[in-house]
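Colleague: Residue numbers (the numbering used here): 8 to 188. Okay, here's the structure, questions in a sec.
Right, here's the structure in full:
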């Protein structure tokens, strides 16, 4: 089940992020694996804006989560982490679908994210979910700022890509009628 996060979920989100980072060590990206998780204060900021979703197990314990920030008229996926013990259950995809519904209801045009270009569970995974790489000429000022901050944080040591997926129209909305020309 996917649901909005609550305050008591936040420590579990840190544990999920640490566990989800461990596989990076296996592909020589130790710095990524060792990167500390979001602080409770940072997670609380996302929580207070209603931009944290969790996938929970049968006991309502979070096993995956996603964070979103509003960036230049789009819903920017700041983080998607799935605990390795719950991988390959489509939880990341379900979280992204929930965020897409949320974004559509707010009139946002796209989901965006930045990710590692050659890590199998990063860019190739998101491509399978309908995300496409953005050309530099299509990036917004906010996305450029995000990429610059990532580079300053050391993430540019590996190829990165900025990706986007359109947000479908909200359910019940009507497309404009075709006008003969």
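Beta carbons are placed, not taken as given, at the ideal position from N, Cα and C, and that holds for glycine.
With a 10 Å radius around its C-beta and 16 neighbouring C-beta atoms as the bar for buried, classify residue 119 as buried or exposed.
Modeller: Your numbering for residue 119 matches position 112 in the chain shown. Residue 119 is buried by the Cβ-count criterion.
Colleague: Which runs of the beta strand (DSSP E), 3 residues or longer, sit entirely within the segment 73–116?
Modeller: Correct list: 81–89.
Colleague: Leaving out five residues before and five after residue 99 in sequence, what residues of the same chain have Cβ atoms less than 6 angstroms from its Cβ?
Modeller: As a working mapping, residue 99 is identified with position 92 in the chain shown. Around residue 99: 87 and 89.
Colleague: List the whole-angstrom C-beta distance separating residue 62 from residue 71, where the pair is believed to meet the contact cut-off of C-beta under 8 angstroms.
Modeller: Walking along the chain shown from the start, residue 62 turns up at place 55. Walking along the chain shown from the start, residue 71 turns up at place 64. With a Cβ gap of about 4 angstroms, residue 62 and residue 71 count as contacting.
Colleague: Check residue 123 in the structure and name its three-state DSSP category.
Modeller: As a position in the chain shown, residue 123 is number 116, starting the count at 1. Looking at residue 123 - three-state DSSP - the assignment turns out to be strand.
Colleague: Thinking C-alpha only, which one of 58, 149, 164 and 114 is nearest residue 7?
Modeller: Because residue 7 is not part of the residues shown, which for the chain are 8 to 188, the question remains open.
Colleague: Among all the DSSP beta bridges, which residues are the ones paired with residue 9?
Modeller: The count along the chain shown starts at 1 and reaches residue 9 at position 2. Paired residues: 62.
Colleague: Between residue 19 and residue 69, what straight-line distance do the alpha-carbon atoms span, to the nearest angstrom?
Modeller: The sequence position of residue 19 within the chain shown is 12, counting from 1. The sequence position of residue 69 within the chain shown is 62, counting from 1. Residue 19 and residue 69: Cα-Cα distance of roughly 7 angstroms.
Colleague: For residue 144 and residue 154, which I take to be in contact (beta-carbon distance under 8 angstroms), what is that distance rounded to the nearest angstrom?
Modeller: Mapped onto the chain shown, residue 144 falls at position 137. Mapped onto the chain shown, residue 154 falls at position 147. Wrong, their Cβ atoms sit about 14 angstroms apart, outside the cutoff.
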